[in-house]
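At the far end of the sequence shown sits residue 295, using the working numbering, and the numbering has no gaps.
These notes are about the structure you will find just below.
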Amino acid sequence: MRIHHLNTGTMCPIGRRLVNGTGSIFQRARMVCHCLLAETNDGLALVDTGIGLDDIKSPMRLGRKWVRQCKPRLDPAETAVQQVTALGFSPDDVRHVLLTHLDRDHAGGVPDFPKAKVHVHRTEYDMAVAGRIVPPEGRYIAGQWQHGPDWSFYGEGGEDWFGFAGVRALGDREADVLMIPLPGHTLGHCGIAVRGRDKWVLHAGDAYFFHGELEPVPRMPFVLGMFQRRGDMDRKRRRGNLARLRALKAAHGAEVEIVNSHDPVEYDRCACGRH
Ligand SMILES: [Zn+2]
């Protein structure tokens, strides 16, 4: 299927060299919110939603400290809903929103697609929305789902996908969109695999932050590594899944393009729209 790569929220924290691994320490870094818009057999499916219009209207709901550190650009033209419209679609054409997890820079655009079914791992919902598992203080922004989305839940199990377990999210009409649990960053964190025209794309969310982490000799800029560790809910499982992703890339890199949410290098590589 056709896959569009959207950046739904540029962030510009200080210390480019220590965040992006290039440039000067005195420049601002660039991070993106990499989302996928897939033209499926069951309408449009959006993988993650980045920053939404309501966040831009009241940025302080994102958290004063988060806004100060991440320096989001907060440009309405970057929101998924405005990019969907700019591509010539209606927001109502987006029938499915699939979320890697419910952190603020992934779920912000959920209210911009009130008619879509919102797919999420049950553990993530239990923690972020229902409070059945107590989340870390201030981690989630309840306003991003106060409109009451039409949720759809996932657990473990599913069919084999390159050694990972994936559940078909869109049912029988569209077999090639899979939710793949990759816990660690959060407890219900998932990757989402979508079959493109010439290869699969695995959106790995925040399972890793930097393209160099998937190389045989992993690399990670210092401050980005700090961001990553600070976000960990289960470091051991996050590291285990990172090792699995590295092995997936080594064995099947020709068939699967793996991307994470915030890496501008991976985003720029994909944004030419060749998948
Ligand atoms: Zn994130």
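Positions of the beta carbon are idealized from the N, C-alpha and C atoms, including for glycine.
Reference residue i; option with closest CA among the options
i: residue 189; options: 97, 93, 119; result: 119
i: residue 268; options: 184, 227, 251; result: 184
i: residue 76; options: 101, 147, 281; result: 101
i: residue 105; options: 83, 122, 132; result: 132
i: residue 140; options: 53, 194, 68; result: 68
i: residue 73; options: 96, 87, 65, 90; result: 96
i: residue 203; options: 218, 251, 241, 28; result: 251
i: residue 149; options: 162, 156, 137, 138; result: 162
i: residue 287; options: 154, 222, 130, 194; result: 222
i: residue 218; options: 143, 91, 56, 275; result: 275
i: residue 82; options: 46, 124, 109, 236; result: 124
i: residue 242; options: 39, 117, 177, 98; result: 39
i: residue 111; options: 85, 94, 126, 136; result: 136
i: residue 176; options: 36, 210, 193; result: 210
i: residue 256; options: 244, 265, 205; result: 205
i: residue 339; options: 47, 258, 103; result: An answer regarding residue 339 cannot be provided, because it is not within the stretch 21 to 295 covered by the chain.
i: residue 265; options: 236, 78, 113, 240; result: 236
Contact set for residue i: own chain, Cβ-Cβ below 6 Å, skip 5 residues either direction
i: residue 25; result: 290, 291
i: residue 21; result: 58, 59, 60
i: residue 143; result: 207, 208
i: residue 245; result: none
i: residue 193; result: 61, 62
i: residue 187; result: 174, 178, 199
Cβ shell of residue i (< 8 Å), same chain only, five flanking positions each side left out
i: residue 145; result: 122, 171, 173, 208
i: residue 181; result: 198, 200, 213
Own chain residues within Cβ distance below 7 Å of residue i, not counting five before or after
i: residue 248; result: 229
i: residue 215; result: 21, 196
Residue i, buried or exposed, once every other Cβ within 10 Å from all chains shown has been counted against 16
i: residue 44; result: exposed
i: residue 166; result: exposed
i: residue 191; result: exposed
i: residue 158; result: exposed
i: residue 227; result: buried
i: residue 283; result: buried
i: residue 169; result: buried
i: residue 263; result: exposed
i: residue 147; result: buried
i: residue 281; result: buried
i: residue 127; result: buried
i: residue 89; result: exposed
i: residue 253; result: buried
The region 32 to 40 contacting the region 56 to 64, beta-carbon criterion three pairs below 8 Å:
no
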